[in-house]
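What follows is a short report on a single structure.
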Ligand code: BJW
Ligand code: ZN
């Protein structure tokens, strides 16, 4: 489409009134105002530390201690954070409209904690609080494990300034910046600069890391790493839902739409008749050119406003 997307809230709310079947695709930006950093874009934590390279099966195989430290930190931060008004607005929409489903790429548990009905919430990339065994022959998994730290050796050093509830008053960018500092301090406390490739990686012994109660193998976070398939049941649910009838609207909230197959749901929804609304802090979005409405700014402010 050559036409610029509309930025008119009124025309959007008019359209929304007539919508029945609605999808939301969530990315890290929806949790930015809760103080959790995004992967890319404004306040992107991964850029400095190249954390996308930590979110791979190869990184975990080679450096399980380092990767577990990273996820332990992420679990800790997510547990300290509170859902924001965008999480609550979507949870409310889900309770009011049983023809609405959310596809979340986030692993932080904030939609669940905002009481989003679980049968309408599809976790495309798993959860920081699901744990599973890495042994090929073992099927051990557990869900909703909020133990922090998950094992003592993965404790966050006390001197790191983790976000408190008052962090939710800050803007996403401010909060992300203070998280940067917290990660810096965590790394300094361990006297390791993981941004410098020449530094030795801190080796925790396998006995320090979470261990499978069934087979004594190494446990891992139940998230989806690059090169891994998305959860089959979840994908089937979503695909069946989309196929079953035309879709009226897809809300694309706080995602760079750069990771597949999640990003493809925007096109799939459009092919099934959906209009596309994008909510993002940044103006230069790849999905902006092909959306019907574009609302620039903090999702925590805009989402409750447009769903009111
Ligand atoms: C705000 C804001 C505010 C800020 N308000 N907005 C096709 C083409 C090319 C490559 C591929 C392809 N298909 C598959 C691939 C490979 C790969 C891939 O996509 N690579 C791309 C990088 C090119 N995909 C995969 O490997 C996937 N698996 C797969 O395809 O398997 C195939 C297979 C089949 C059968 C057998 C075996 C394999 C898996 C992808 C898994 C992604 N995992 C991660 C890590 C999860 C765990 C963890 O959290 O550590 O998921 S990567 C990371 O990116 C995380 C996120 O969910 C995901 C998306 O990021 P998101 O949420 O969009 O965040 P950002 O930071 O990118 O964007 C934030 C946005 O918010 C920005 O736009 C900001 O502007 C905005 N923002 N503040 C509103 N306050
Ligand atoms: Zn096991």
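Residue numbers (UniProt numbering): 7 to 314. In this text, a Cβ means the ideal position worked out from N, Cα and C, and glycines have one as well.
Check, Outcome
"Proximity test, residue 66 beta-carbon vs the ligand BJW heavy atom, cut-off 7 Å", "no"
"Inter-residue Cα distance where the pair is residue 106 and residue 96", "9 Å"
"Own chain, CB closer than 6 Å to residue 275, minus 5 neighbours either side, in chain order", "29, 253, 256"
"With 16 other Cβ atoms within 10 Å as the buried cut-off, status of residue 203", "Interpretation of residue 203 is limited by its pLDDT of 43, a score under 50 that renders its predicted location unreliable; the figure taken from the coordinates is listed afterwards. It counts as exposed."
"Segment contact, 8 Å Cβ cut-off, at least three pairs: the stretch 85-95 with the stretch 61-70", "no"
"Residues near the ligand ZN, criterion Cβ-heavy atom distance below 6 Å", "139, 141, 144, 146, 218, 220, 221, 223"
"Euclidean distance between Cα positions of residue 35 and residue 245", "24 Å"
"Cβ-Cβ separation, residue 15 to residue 312 (assumed contact under 8 Å), whole Å", "6 Å"
"Backbone CA spacing between residue 146 and residue 139 [nearest angstrom]", "5 Å"
"Proximity test, residue 266 beta-carbon vs the ligand BJW heavy atom, cut-off 7 Å", "yes"
"Bridge-paired residues (DSSP) for residue 301", "285"
"Contacts around residue 117, its chain only, beta-carbon distance under 8 Å, and the 5 residues preceding and following it disregarded", "32, 89, 93, 96, 97, 108, 110, 127"
"Sub-8 Å separation of residue 156 and residue 237 beta-carbons", "no"
"Residue range of the beta strand (DSSP E) that includes residue 106", "106-110"
"Reference residue 143, options 112, 297, 220, 76, closest by Cα", "220"
"DSSP three-state assignment for residue 309, whether helix, strand or coil", "helix"
"Distance CB(residue 1)-CB(residue 44) smaller than 8 Å", "Because the chain spans 7 through 314 in this model, residue 1 falls outside it and cannot be assessed."
"Of the listed residues 152, 272, 278, nearest to residue 137 (C-alpha basis)", "152"
"Burial state of residue 266, where buried means 16 or more other Cβ atoms lie within 10 Å", "exposed"
"Rounded C-alpha distance that separates residue 39 from residue 239", "31 Å"
"CB contact flag (residue 283, residue 76, <8 Å)", "no"
"Residue 148 to residue 249 span [Cα, whole Å]", "31 Å"
"Whole-Å CB distance - residue 272 paired with residue 308, under 8 Å assumed", "With 8 Å as the limit, residue 272 and residue 308 do not qualify as a contact, their Cβ atoms being about 18 Å apart."
"Distance, residue 234 Cα to residue 304 Cα", "31 Å"
"Straight-line Cα distance separating residue 102 from residue 154", "34 Å"
"Given residue 297 as reference, the closest of 104, 314, 277 once Cα atoms are compared", "277"
"Endpoints, beta strand (DSSP E) assigned at residue 30", "28-32"
"For residue 129 and residue 161, the rounded distance between their alpha carbons", "26 Å"
"Euclidean distance between Cα positions of residue 54 and residue 73", "Residue confidence for residue 54 is low, a pLDDT of 48 falling below 50, so the modelled location carries little weight; the figure read from the coordinates is stated next. Taking the straight line from one Cα to the other gives about 16 Å."
"According to DSSP, residues forming a beta bridge with residue 138", "147, 226"
"Integer-rounded CB distance, given that residue 133 should sit under 8 Å from residue 218", "Actually they are not in contact, since the Cβ atoms of residue 218 and residue 133 sit about 18 Å apart, beyond 8 Å."
"Three-state secondary structure (DSSP) of residue 259", "strand"
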